[in-house]
Amino acid sequence: MSVYEYIVRTKDLMKIYIMGDTEVRAIDGVALDIRRGEYISIMGPSGSGKSTLFNMIGGLDKPTGGTVFIDETDMAQLTASELAFLRCRKIGYIFQTFNLIPVMTALENVTLPMIFAGMSTDGALDKGVELLKTVGLADRRDHKPTELSGGQQQRVAIARALANDPAIILADEPTGNLDLKTGKEIISLLKQMNEDKKVTIISATHDLKMIDVSDRVVWIRDGKIERIEERKDIELKVGMMEGEEAG
Amino acid sequence: MATVGQGVPSGRIQVESQIVLPWSRTLQMTRENIFVRFGRSVITASGIFLGIAFMSATLFHSAAEEVQRQVVTTQWGVMAGENPEMRARTIWLVVMSLLVATVGIVNSMLMSVTERYKEIGTMKCLGALDRFIVRLFILEAGILGVLGSLVGAVVGTGAMTLVIAYRIGWAKALSSWTETALVLGGWSVPLWVGMIIGIGVGGLLSVCAALYPAWRAAKMPPAAALRSEF
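The listed protein sequences correspond, in order, to chains Y and W.
Just so we're aligned, residue 265 is where the first sequence starts under this note's numbering, counting upward by one.
Just so we're aligned, residue 2 is where the second sequence starts under this note's numbering, counting upward by one.
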């Protein structure tokens with residue numbers, strides 16, 4: 265299987281909502297190329313379209329126009345089963361509200377994608393325990409989500425996202441429901457996964473702390489890309505920002 | 002089938018068989034869904050419980066009346082003849098009770114599915130096929146329907162047995178089980194057969210009530226399901 269430089273590409277992406285007689289252009293012509301192994305953050309104010317863009321890239325919703333390519337495969341051409349396969353094996357999702365299955369324990373949550381992928385129960389359990397160790401929750405494997413703190417739930421969600429060794433992790437406001445300290449821990453965990461496992465991380469977020477770890481930041485406003493910043497450009501700015509806050 | 006580029010293996014059948022949910026796992030998940038959320042499950046099953054309790058009580062009463070009619074016949078040596086009004090009334094009451102059960106169960110199942118939109122969306126993100134979702138809900142509905150019907154039948158007949166036994170004695174009350182409770186198109190249906198059919202119908206109604214909401218929820222794009230506030 266050839267390895268493409270751009271793991272995700274969008275072309276003329278559009279999403280239009282019709283509300284009564286008004287037309288809301290949530291995404292208005294977005295072209296974005298995301299490199300394999302990159303840690304990229306999509307940032308913008310509320311209503312800018314970053315969640316909508318996130319949903320398009322992740323195959324969670326259909327665009328009104330334009331195309332999304334995952335490894336040069338047009339997502340619109342995929343059948344429901346092929347899309348499910350993609351979500352099972354190739355993409356891992358992390359959400360602001362963690363979205364763990366409440367009746368299952370942490371270990372059961374982590375191993376669920378592995379069950380869908382056809383892994384044997386023993387293999388899945390071993391791998392699940394390993395993943396929980398990686399995120400620092402080996403001792404919480406039999407706890408249900410209600411018995412875990414927000415940060416712990418998000419760690420379980422990260423472990424679950426990594427269950428089938430995906431090529432991409434999509435994170436929608438991963439630190440949105442977490443306090444400052446826990447948010448920082450989650451961000452550094454994500455960065456660690458990006459570096460250790462070479463997973464591409466695409467995150468839609470408000471959180472400026474995410475800028476530190478991103479290779480690129482895409483700023484979105486009114487459904488269009490305002491600008492894209494590379495890491496070296498960001499580092500100068502962040503230095504300035506922190507200086508302002510402290511002063 | 003269509004080739005779909007190199008990110009995904011070509012050939013539909015190949016792809017479908019690569020996503021699985023073994024039945025043992027389906028059963029385990031259903032069991033967890035029912036028992037971990039026990040209170041919620043009881044509420045969901047209450048509609049069918051009430052409807053089948055009502056139906057069972059009706060059938061039992063009808064059979065007991067038949068017993069009583071035969072007693073009267075023996076005592077007076079006169080064939081009392083069938084009372085068509087009572088037969089029609091029985092059928093009417095049974096139909097009403099099943100309608101009550103249907104309304105209750107449809108409402109319950111709709112709520113049960115809607116409450117879990119977020120969970121359904123999440124499972125689709127993990128790669129679940131639409132039919133896994135439908136399977137899980139149908140199994141849960143079927144189990145709750147049969148259990149609810151069973152408990153309803155026990156409570157309905159139990160309550161009616163006490164009432165009847167008070168009037169005509171235990172022996173006659175219990176003999177109602179083999180009496181005709183219902184005449185459907187010329188077929189005399191004994192009470193115990195009627196009960197079993199009723200419980201089966203209760204289970205079937207529950208499955209049917211869950212089918213459409215579950216199917217619709219499974220087909221929703223995950224983004225919409227995940228936006229749910231529950």
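For every residue, glycine included, the Cβ atom is placed at its ideal position computed from N, Cα and C.
- The beta carbon of Asp479(Y) is closer than 6 Å to those of Glu302, Tyr303, Arg495 in its chain, skipping five residues each way along the sequence.
- The region 452-493 of chain Y is shown to contain whole beta strand (DSSP E) runs of 3 or more residues at 464-469, 480-485, in chain order.
- Near chain W, meaning a CB-to-CB distance below 7 Å, the residues of the region 311-334 of chain Y are Asn319, Leu324, Asp325, Lys326, Ile334.
- Listed in chain order, the positions of the region 364-388 of chain Y with a beta carbon within less than 9 Å of a beta carbon of chain W are Leu364, Ile365, Pro366, Val367, Met368, Glu372, Leu376, Pro377, Ile379, Phe380, Ala381, Gly382, Thr385.
- Using a CB distance cut-off of 7 Å, Arg405(Y) does not count as an interface residue toward chain W.
- Taking one beta carbon from each stretch, the region 116-133 of chain W and the region 186-204 of chain W have fewer than 3 pairs nearer than 8 Å; the two do not touch.
- When the five nearest sequence neighbours on each side are left out, the beta carbons in the same chain lying within less than 6 Å of the beta carbon of Leu371(Y) are those of Gly392, Arg405, in order along the chain.
- When secondary structure is reduced to three states using DSSP, Tyr118(W) falls in the helix class.
- Under a 10 Å Cβ-count criterion, Leu426(Y) is classified as buried, with 16 or more other Cβ atoms of the shown protein chains found around its own Cβ.
- Look at Ala423(Y): its C-beta is not under 7 Å from any C-beta on chain W.
- For the region 117-133 of chain W, the set of positions with a beta-carbon nearer than 9 Å to some beta-carbon of chain Y reads Lys119, Glu120, Gly122, Thr123, Met124, Lys125, Cys126, Leu127, Gly128, Ala129, Leu130, Asp131, Phe133 in chain order.
- Closer than 7 Å to the CB of Glu33(W) there is at least one CB belonging to chain Y.
- Interface residue (Cβ-Cβ distance to chain W less than 7 Å): Ala435(Y) is not classified as such.
- Distance from the CA of Leu137(W) to the CA of Gly122(W), rounded to the nearest whole angstrom, comes to 14 Å.
- Apart from sequence neighbours up to five positions away, the residues of its chain that approach Met30(W) with a beta-carbon distance below 7 Å are Leu137, ordered along the chain.
- Using beta-carbon distances, Tyr357(Y) counts as an interface residue toward chain W, with a partner under 7 Å.
- Contacts between Arg273(Y) and chain W, judged by CB atoms closer than 8 Å, are missing: the closest CB pair is about 12 Å apart.
- According to the DSSP secondary-structure assignment, Asp338(Y) is paired through a beta bridge with Phe333(Y).
- Between Phe50(W) and Val147(W), the CB-CB gap reaches or exceeds 7 Å.
- Taking a 10 Å sphere around the C-beta of Gly199(W), we find 16 or more other C-beta atoms and assign the residue as buried.
- In this structure, DSSP gives Ala435(Y) an extended state, which the three-state scheme calls strand.
- At a Cβ-Cβ threshold of 7 Å, Asp325(Y) and Lys488(Y) do not count as neighbours.
- Annotation for Ser384(Y): no residue places its beta carbon closer than 6 Å to its own, counting only its chain and skipping 5 residues before and after.
- Under the Cβ criterion of 7 Å, Arg136(W) is not counted among the residues facing chain Y.
- For Ile379(Y), the closest of Lys397(Y), Pro366(Y), Phe349(Y) by C-alpha to C-alpha distance is Phe349(Y).
- Among the CB atoms of chain Y, one or more fall inside 7 Å of the CB of Val37(W).
- The beta carbon of Pro214(W) sits no closer than 7 Å to any beta carbon of chain Y.
- Per the C-alpha coordinates, the member of Ile20(W), Met110(W), Ala54(W), Leu145(W) positioned closest to Arg217(W) is Met110(W).
- Considering only Glu437(Y), Asp436(Y), Lys473(Y), the residue with the shortest C-alpha distance to Leu444(Y) is Lys473(Y).
- For Ser305(Y), the pairing in a beta bridge is given by DSSP as Ser467(Y), Val481(Y).
- For Met30(W), the secondary structure class from DSSP, reduced to helix, strand or coil, is helix.
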